[in-house]
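**Student:** Please find one structure pasted underneath; my questions will follow.
Numbering (our numbering), first residue to last: 79 to 519.
See below:
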């Protein structure tokens, strides 16, 4: 029932673009590769990394073969950098412990199908659907099931599922504000209700502990759950520290030129994200502003060149064995059913670069001057990310920037969440009055 979790960030980028595309599209395109690298970390890149060194231009390196980053980059200092890191969590509060146990039980819940009544508030509905705009299908999820929780208010067409039963087909039109903010566009959803169900949470007993985790008592299972939460939080903070180090690296380095092959690759990657999640090409999103498109793509190109330049200097390569292992780890953590389906969305070069990013981050960490501070101190120094609903703006900022400025912890959480966001994952200004022209067969 989980969608392809690795693409969650691309979906968020699309939502941000639809919320404020004409005014801030130029500020979003350089996010594409950044988002992919961050999700790459969430997908387990560090777990498959090996201490592999060699000639960056050699045949054992699968990142690329047609350019050397050092030909374009003057690196600044990347060893001995100073950075703050949130101190390790060694104990959870009682509220955190309770929440962790409840989440664990939720993860082990079982579905119970509802067949004696129509769908109502609090029910889960499995649907297959497609989204069309101007007569053209822009998102087709008819080959997989998507879960909708009635009452959550997340899916654009959620209201149309109340009172339905398995086998029903619903067509509804949802008006959405266009990217210019001058009118609306109609999104048409064709939905098939597959089944209606609820989740039954297991009881926390010694028998459940044995079955679920192979331990003998509830206490042992609880301690295991708490430790996993602390380990996860600590790794998230480490990932944030590595990202901060790479930010300093980018600020300290300069780029002079770029290989056309890299520019073309980055352009294609960003353009595919636009088409997949908004139904628009990048040119359409930028309203034909080629200079703005080029400027933002080059920002991502420069970032990749600098990170790769460190990898070249330190002889950090990615082998085919590492890349294959990474693909397998993604299959385990996401909804992809095969390497072939993964390759439809991500090229080997994109996946290899995720590993390069992780390797460089680990190198910077090993050679950094790290100061551990509290989470509150870190937030005061760096600013705490706020949850801002799509479609709303704060003074002096653009909606799309706020949506995409996610903390690493939020990325991790998104990767694990049920991907029940439908369509373009956008908020409708019309509230619960989401559509018209409804037909139920």
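No residue lacks a Cβ here, since even glycine has one placed at the ideal position from N, Cα and C.
(1) Between residue 151 and residue 384, which are expected to be in contact by the criterion C-beta below 8 Å, what is the C-beta distance as a whole number of angstroms?
(2) For a test of the three-state rule: what should DSSP assign to residue 135, helix, strand or coil?
(3) Taking only runs of the beta strand (DSSP E) that begin and end inside the segment 204-260, which ones reach a length of at least 3 residues, in chain order?
(4) Quickly, what does DSSP pair residue 263 with across the bridge? List them, please.
(5) Beta carbon of residue 361, beta carbon of residue 376: below 8 Å?
(6) Could you compute how far the alpha carbon of residue 338 sits from the alpha carbon of residue 378?
(7) Counting C-beta neighbours from all protein chains within 10 Å, is the total for residue 331 16 or more, i.e. buried, or is it exposed?
(8) Determine, using beta carbons only, whether residue 134 and residue 395 come nearer to each other than 8 Å.
(9) Based on the DSSP output, what are the partners of residue 163 in its beta bridges?
(10) Closest to residue 279 by C-alpha separation, out of 184, 190 and 403, would be which residue?
(11) Assign residue 430 to buried or exposed, taking buried as 16 or more other Cβ atoms, counted over all protein chains shown, within 10 Å of its Cβ.
(12) With distances taken between CB atoms, is the gap from residue 197 to residue 242 smaller than 8 Å?
(13) Taking only three categories from DSSP, how would you classify residue 332?
(14) Drop a sphere of 10 angstroms on the beta-carbon of residue 305, count the other beta-carbons inside from all chains shown, and report buried for 16 or more, exposed for fewer.
(15) When the Cβ atoms of the segment 438-457 are set against those of the segment 153-168, are three or more pairs found closer than 8 Å?
(16) Under the three-state reduction of DSSP, which class applies to residue 288: helix, strand or coil?
(17) So who's on the other strand from residue 276, going by DSSP bridges?
(18) According to the neighbour-count rule (16 or more other Cβ atoms, all chains shown, within 10 Å of its Cβ), is residue 292 buried or exposed?
(19) Thinking C-alpha only, which one of 274, 254 and 275 is nearest residue 265?
(20) Hey, residue 323 and residue 442 are a contact pair by Cβ (cut 8 Å); roughly how many whole angstroms apart?
(21) Report the option in 229, 321 and 405 whose CA atom is closest to the CA atom of residue 437.
(22) Out of curiosity, what's the CA-to-CA distance linking residue 157 and residue 221?
(23) If you check the beta carbons only, do residue 203 and residue 234 fall under 8 Å apart?
(24) For residue 401 and chain B, any beta-carbon pair shorter than 8 Å?
(25) Determine the burial state of residue 405: buried for a count of at least 16 other Cβ atoms within 10 Å of its Cβ, exposed for fewer.
(26) Among residues of its own chain, excluding the 5 on either side of residue 452, which ones have a beta-carbon nearer than 8 Å to its beta-carbon?
(27) Kindly indicate which residue of 195, 214 and 312 has the alpha-carbon position closest to the one of residue 524.
(28) Quick one: is residue 176 buried, meaning 16 or more other Cβ sit within 10 Å of its Cβ, or exposed?
(29) Are the beta-carbon atoms belonging to residue 226 and residue 238 less than 8 Å from one another?
(30) Buried or exposed: residue 398, going by 16 or more other Cβ atoms within 10 Å of its Cβ?
(31) Excluding five sequence neighbours on each side, which residues of the same chain lie with their C-beta closer than 8 Å to the C-beta of residue 427?
(32) Would you report the Cα separation of residue 445 and residue 159, rounded to the nearest angstrom?
(33) Which residue from 195, 387 and 275 puts its Cα closest to that of residue 189?
(34) So who's on the other strand from residue 268, going by DSSP bridges?
(35) Tell me which same chain residues have a C-beta within less than 6 Å of the C-beta of residue 326, skipping the five on either side of it?
(36) Using the three-state DSSP reduction, which class does residue 152 fall into: helix, strand or coil?
**Tutor:** According to the structure data:
(1) 6 Å
(2) coil
(3) 214-227 and 247-255
(4) 254
(5) no
(6) 13 Å
(7) buried
(8) yes
(9) 450
(10) 184
(11) buried
(12) yes
(13) strand
(14) exposed
(15) yes
(16) helix
(17) 190
(18) exposed
(19) 254
(20) 4 Å
(21) 321
(22) 49 Å
(23) no
(24) Structure shown: chain B not included; a single protein chain is present.
(25) buried
(26) 164 and 165
(27) What the structure shows of the chain is the stretch from 79 to 519, and residue 524 is not part of that stretch, so it cannot be assessed.
(28) exposed
(29) no
(30) exposed
(31) 141, 142 and 343
(32) 7 Å
(33) 275
(34) 208 and 249
(35) 159
(36) strand
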